[in-house]
Amino acid sequence: MAGDGVPPIGRRCPGFDVRYAPEPHDQGERSDVEVPPRPGDLEAIDRSECVELLRQAPYVRIAFVTGTGPTVLPVNHVLFEDAIYFRTAPGSKLGMAAADAAVAIEADGGDDETTRIGWSVVAHGRASIVTDELVLERLLALPFEPWALPDDRSFWVRVDVDDISGRTIVRHAH
Numbered sequence: 006m007a008g009d010g011v012p013p014i015g016r017r018c019p020g021f022d023v024r025y026a027p028e029p030h031d032q033g034e035r036s037d038v039e040v041p042p043r044p045g046d047l048e049a050i051d052r053s054e055c056v057e058l059l060r061q062a063p064y065v066r067i068a069f070v071t072g073t074g075p076t077v078l079p080v081n082h083v084l085f086e087d088a089i090y091f092r093t094a095p096g097s098k099l100g101m102a103a104a105d106a107a108v109a110i111e112a113d114g115g116d117d118e119t120t121r122i123g124w125s126v127v128a129h130g131r132a133s134i135v136t137d138e139l140v141l142e143r144l145l146a147l148p149f150e151p152w153a154l155p156d157d158r159s160f161w162v163r164v165d166v167d168d169i170s171g172r173t174i175v176r177h178a179h
């Protein structure tokens, strides 16, 4: 990289010794020409489909930072009133981290090796412990049960989503 005698392909990424190809408009090419996707290309998933994929996912991964660094844990979840909810145990690492913390929620899926089609959705937001009794009653009335023993999972955590995005791998038939 730096000093290796190889000229950069594009601009340098600030703070990293990584080079990336410039966007077509960076080279004076027409950016209004739509290029058809190639097998293996990534396409953005619109917001409503991202929400539906999260809703259908049997579980998600929640990412948060603790005193020892980044942590990612699987949780089963439910979407309710424009937020993501899950249950956890009192005093758990997840419960402690969820107290007014910035988190990321990720779900993904795909099929077998023959087509290699897949998708990923990531939502960013703030997590908080649910304390409103009316909301707790409504959550308990939902057809939702934590995979871990529910008696030990008495805290509900709410994630208010600030942004959500997704992408899928393109594999159009020829």
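Quick note: the sequence shown uses the working numbering, first residue 6, plus one each step. Even for Gly, the Cβ is constructed at its ideal location relative to N, Cα and C. Fair warning: this is a prediction, and the values are worked out from it, not measured in the lab.
The beta-bridge partner set that DSSP reports for I122 is empty.
Cβ neighbours of L147 within its own chain (closer than 7 Å, five residues either side excluded): V83, F85.
The beta carbon of E111 lies closer than 6 Å to those of R66, V127 in the same chain, with the five residues before and after it left out. Around the beta-carbon of V38, fewer than 16 other beta-carbon atoms lie within 10 Å, marking it exposed. Contact between the region 161-172 and the region 87-97 is present: three or more C-beta pairs spanning the two stretches fall below 8 Å. Here DSSP, grouped into helix, strand and coil, assigns S133 to strand.
Under DSSP, S170 shares a beta bridge with V127. Looking at the backbone, the Cα of G74 and that of V175 are separated by about 34 Å.
In the displayed model, E150 falls within coil according to three-state DSSP, outside both helix and strand. According to the DSSP assignment, E111 belongs to the beta strand (DSSP E) that extends over 106-115. Cβ contact annotation for A153 (same chain, cutoff 7 Å, sequence separation greater than five): none.
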